[in-house]
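Protein chains in written order, with my numbering: chain L, 22 to 166; chain D, 52 to 373; chain F, 812 to 1151.
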């Protein structure tokens, strides 16, 4: 049997008000999702600057996911609407440059959706595992020899 | 045209409407034209030039010029007026201190294309659609269409969207094929696209000419020059940094880029940078409705706006490409 | 003088590449550039490369040192590996001269060992110009485009290529190639020189002189009122500095890799707002001062410190590439000629 040794590094930007609480709920409910997901808490999904995403890839991430409140539920009324446009355009641009589009994702996760959080992460990790290591947006200097 | 412009500028200087004129100055050769400020009729008569080589977009200079003493006259081509309008919208130019004279443009010649067509250019005579080129190695005729700048071949508009007065007739917004190359790239496989952009962006020498010439890049301090940003860099030490600089720069001007094409004109390595900006413009048009930056000074830009029913980012997984 | 038939040129490249790494200018998107020779690559027909040849000795970025932290210990690592011998083929006269200008900066005390190491391992084969462009003005700086400096000088005619070794390194290179090249007289080379000199006499910048510049006119040039209009349209980009074969300013920066530090140097440009930045910022606060610095350095400060040698070789790259077409020729035309 061949064992796939590759474990992707995933960075998840979670908004403080919904998705981070959703992750918490997943934890208290003892739902499993891979430990390779590193959560970074942000005040709102629209706090995520495109640079953060590129930086994550530079420093060794294989996939980046942004989680925020469902459209209409933003704690700041409209932050996630702006994030939605920005991320759509950014992902489209990454795809245009030939970078695998499956490495980036946006999901709306509410504070009550612990199960959705865990399912989303499992699914995303699986998709990125299939893609393998991030080669197209890597910075060789950051690789450990 | 040049004579009419000089006469008009001289008249506006004489009657005190303006105290200086922003235009183009003759160089050492026929093509090396420099943007310059003129303050007298004598200067205008000896050095002012307006011809097929005056490609520079003068709008960005007005950020500084409009903050100086007195009113400045600026000659703007149709596509320059879009950049001007966008800068007015962003409160970067003080409109009251600028007097805009719209001038017609029937396309500018690309110096790079010209040099590729004729080696050792000494003089160029424009004769309708033919250019008679004197070179160090003899005479050569070049077709004007062949050496027209890429941005002019797919010109989007001959209409002036802002002016105080016009010389000549105003033109129309044109049907342009400017997204053809973007569509062609979109239709490729990700591997092909990756190879295409590596070949282009790996030539980047990070001279910042694209950024510094860009009318949309008017930040007081660029994030790439700001040590506190954590991403400041002066050279791309890794292929990642080549990609990052151009992705982020294109993103920072998304929704504000008027597609004037200056970035590609000035690139010493001839990287088709406009293809990055046009991708954003095309996506915005398709996903959020037609939008031309600089067309007006009132509307909200696509990235500072939203609709409740905007498409989800997952649309990217379903769209285009092989 | 040695000779090789042009049809044999690929064989010559292969023979050099067998022993050492060979770089030569090839055609590429956006203009010619130096590339490592592999089978099938051919010499460009272009006059010169977009980037100058200084990259070989003074690359745009170069790692100087690495630091690794282990507990309270810091390990300092020298990342340099043994530099292999290499040959750069087809350097034009202007770029060939630029090396001696760079030497005056990097090989004086304190010697830059990174640069020195590369210089020692590199052999330059320069190639005489046959079709100069209107932007060429190497004559202004006393450079003979028909007989360039280098370890070996080459002349390409319609059917052959001629070589002459000018240094010991050059002798060694040609000795290694003795199977391919044969003795020849220099009639064809002389004819070419004569023909090209006639073209050189017709160049539009032939009349450009360095008169009025040099180490002794410092304050007069520094205070010239013309700098204002000359620098007015400058965008403050680094195109002129980065395509320039003699610009040699650099910055040293640290890059945090997440598991250590890489200290590297990279080209810098006096046109930038953060050039020579200190605690209080850039000492040159306006673009006028930055613009003036570049040309004062090449035309006044450099000759003041280097027995009158100017810091320009007249390659014409800045004339071709400046986004606003402001360049050293326009500066020299405007400020030259006058004596204090």
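Here a beta-carbon is modelled for each residue, glycine too, at the ideal position from N, C-alpha and C.
Nearest-angstrom Cα separation, counted from residue 960(F) out to residue 893(F):
Reading the third chain from its first residue, position 82 is the one you call residue 893(F). Reading the third chain from its first residue, position 149 is the one you call residue 960(F). Spanning the two alpha carbons is a distance of roughly 27 Å.
Pairwise C-alpha distance: residue 222(D) and residue 40(D)
Here chain D comprises residues numbered 52 to 373, so residue 40(D) is not present and cannot be evaluated.
Would you say residue 181(D) reaches chain L, if we count a Cβ-Cβ gap shorter than 9 Å as a contact?
As a first step, residue 181(D) is located in the second chain; it is residue number 130 there, counting from the start. No, residue 181(D) does not count as interfacial toward chain L.
With 16 other CB atoms within 10 Å as the buried threshold, where does residue 264(D) fall?
Here residue 264(D) is taken as the residue at index 213 of the second chain, counted from 1. Buried, because 16 or more other Cβ atoms sit within 10 Å of the Cβ of residue 264(D).
Skipping 5 residues on each side, what residues in its chain have a beta carbon closer than 6 Å to that of residue 997(F)?
Indexing the third chain from 1 puts residue 997(F) at position 186. So the list reads 812, once near-sequence residues are dropped.
Any contact between the segment 1130-1149 of chain F and the segment 1038-1058 of chain F? By contact I mean 3 or more CB pairs, one from each, below 8 Å.
yes
Sequence ranges, beta strand (DSSP E) only - wholly within the segment 72-154 of chain D, length at least 3
The segment 72-154 of chain D contains these whole beta strand (DSSP E) runs: 85-89, 123-127, 149-153.
To the nearest angstrom, how far is the alpha carbon of residue 196(D) from that of residue 204(D)?
For the purposes of this step, residue 196(D) is taken as the residue at position 145 of the second chain. For the purposes of this step, residue 204(D) is taken as the residue at position 153 of the second chain. The alpha-carbon atoms of residue 196(D) and residue 204(D) are separated by roughly 8 Å.
Starting from the Cα of residue 249(D), find the closest Cα among 118(L), 136(L), 154(L), 148(L) and give me that residue.
Within the second chain, residue 249(D) is the residue found at index 198, counting from 1. Here the closest residue by C-alpha is 118(L).
Beta bridge counterpart(s) of residue 190(D) as assigned by DSSP
Position 139 of the second chain holds residue 190(D). In DSSP, residue 190(D) forms a bridge with 185(D).
Could you tell me the distance, in whole angstroms, from the CA atom of residue 43(L) to the CA atom of residue 136(L)?
Here residue 43(L) corresponds to residue number 22 of the first chain, with the count starting at 1. Here residue 136(L) corresponds to residue number 115 of the first chain, with the count starting at 1. Straight-line Cα distance between these residues: approximately 8 Å.
Cβ shell of residue 116(D) (< 7 Å), same chain only, five flanking positions each side left out
In the second chain, residue 116(D) corresponds to position 65, counting from 1. Excluding positions up to five away in sequence, the list reads 73, 123.
Given that residue 321(D) touches chain F, what residues does it touch there, using C-beta distances under 8 Å?
Here residue 321(D) refers to the residue found at position 270 when the second chain is read from its first residue. Per Cβ cutoff of 8 Å: 840, 841, 842.
Along chain L, which residues have their Cβ under 8 Å away from the Cβ of residue 1069(F)?
As a position in the third chain, residue 1069(F) is number 258, starting the count at 1. Chain-ordered, the chain L residues with CB closer than 8 Å to the CB of residue 1069(F) read 80, 81, 163.
Short check: CB of residue 93(L) to CB of residue 359(D), under 9 Å?
Position 72 of the first chain, counted from the start, is the residue given in the question as residue 93(L). Position 308 of the second chain, counted from the start, is the residue given in the question as residue 359(D). Cβ distance < 9 Å, so residue 93(L) and residue 359(D) count as in contact.
Go ahead and label residue 27(L) buried or exposed: buried means 16 or more other beta carbons lie within 10 angstroms of its beta carbon, across all protein chains shown.
Here residue 27(L) refers to the residue found at position 6 when the first chain is read from its first residue. Flag for residue 27(L) reads exposed.
For chain F, is any of its Cβ atoms less than 9 Å away from the one on residue 299(D)?
As a working mapping, residue 299(D) is identified with position 248 in the second chain. No, no contact with chain F.
Please confirm whether residue 236(D) has its beta-carbon closer than 9 Å to some beta-carbon of chain L.
Residue mapping note: residue 236(D) aligns to position 185 of the second chain, counting from 1. True, the Cβ-Cβ gap to chain L drops below 9 Å.
Please state whether the Cβ-Cβ distance between residue 977(F) and residue 968(F) is less than 9 Å.
Locating residue 977(F) in the third chain gives position 166, where the first residue counts as 1. Locating residue 968(F) in the third chain gives position 157, where the first residue counts as 1. Taking 9 Å as the Cβ cut-off, residue 977(F) and residue 968(F) do not qualify as a contacting pair.
Those runs of the beta strand (DSSP E) which lie wholly inside the segment 98-129 of chain L and span at least 3 residues:
125-129
Examine chain L for any beta-carbon lying closer than 9 Å to the beta-carbon of residue 399(D), and answer yes or no.
Residue 399(D) lies beyond the range of chain D shown here (52 to 373); nothing can be said about it.
Under 8 Å (Cβ pairs) to chain L, residues found in the segment 1051-1084 of chain F:
Correct list: 1066, 1068, 1069, 1070, 1073.
Once DSSP output is grouped into helix, strand and coil, what is the label at residue 64(L)?
Locating residue 64(L) in the first chain gives position 43, where the first residue counts as 1. Reduced to three states, the DSSP call for residue 64(L) is coil.
Cβ shell of residue 74(L) (< 6 Å), same chain only, five flanking positions each side left out
As a working mapping, residue 74(L) is identified with position 53 in the first chain. 85, listed in sequence order.
Can we say the segment 935-949 of chain F touches the segment 187-194 of chain D, given the rule of at least three CB pairs closer than 8 Å?
Judged by Cβ distances under 8 Å, the segment 935-949 of chain F makes contact with the segment 187-194 of chain D, as three or more pairs qualify.
Between residue 171(D) and chain F, is any beta-carbon pair separated by less than 9 Å?
Along the second chain, one-based indexing puts residue 171(D) at 120. Taking Cβ atoms only, chain F reaches closer than 9 Å to residue 171(D), which makes this a yes.
Taking 8 Å as the threshold, find out whether the segment 304-312 of chain D comes into contact with the segment 1092-1101 of chain F through three or more Cβ pairs.
Fewer than three beta-carbon pairs drawn from the segment 304-312 of chain D and the segment 1092-1101 of chain F are found closer than 8 Å, and the two stretches are therefore not classed as touching.
Taking just the CA atoms, how far does residue 211(D) sit from residue 1146(F)?
Taking the first residue of the third chain as 1, we reach residue 1146(F) at position 335. Taking the first residue of the second chain as 1, we reach residue 211(D) at position 160. Cα to Cα, residue 1146(F) sits roughly 39 Å from residue 211(D).
Distance, residue 247(D) Cα to residue 822(F) Cα
Residue mapping note: residue 822(F) aligns to position 11 of the third chain, counting from 1. Residue mapping note: residue 247(D) aligns to position 196 of the second chain, counting from 1. About 32 Å.
Check whether chain L comes within 9 Å of residue 225(D), counting only Cβ atoms and requiring the distance to be less than that.
Taking the second chain and counting its residues from 1, the one referred to as residue 225(D) is at position 174. It does not; no Cβ of chain L falls within 9 Å.
Check whether residue 839(F) and residue 906(F) have beta carbons under 9 Å apart
Position 28 of the third chain, counted from the start, is the residue given in the question as residue 839(F). Position 95 of the third chain, counted from the start, is the residue given in the question as residue 906(F). Going by C-beta atoms, residue 839(F) is not nearer than 9 Å to residue 906(F).
According to DSSP, simplified to helix, strand and coil, what is residue 248(D)?
Walking along the second chain from the start, residue 248(D) turns up at place 197. The answer is helix: DSSP assigns residue 248(D) an H, G or I state.
Would you give the residue range spanned by the alpha helix (DSSP H) that residue 926(F) belongs to?
Locating residue 926(F) in the third chain gives position 115, counting from the first residue. Segment 924-932, the alpha helix (DSSP H) holding residue 926(F).
Please name the residue, chosen from 1064(F), 1091(F), 1027(F), that lies closest to residue 1117(F) on a Cα-to-Cα basis.
Residue numbering aside, residue 1117(F) sits at position 306 when the third chain is read from its first letter. When each option's Cα is compared against that of residue 1117(F), the closest is 1027(F).
Using a cut-off of 9 Å between C-beta atoms, extract the partners of residue 264(D) located in chain F.
On the second chain, residue 264(D) is found 213 positions in, with the first residue counted as 1. Residues of chain F passing the Cβ test: 1046, 1048, 1134, 1135.
Along the chain, where does the alpha helix (DSSP H) containing residue 36(L) start, and where does it finish?
On the first chain, residue 36(L) is found 15 positions in, with the first residue counted as 1. That residue, residue 36(L), is in no alpha helix (DSSP H); its beta strand (DSSP E) goes 31-36.
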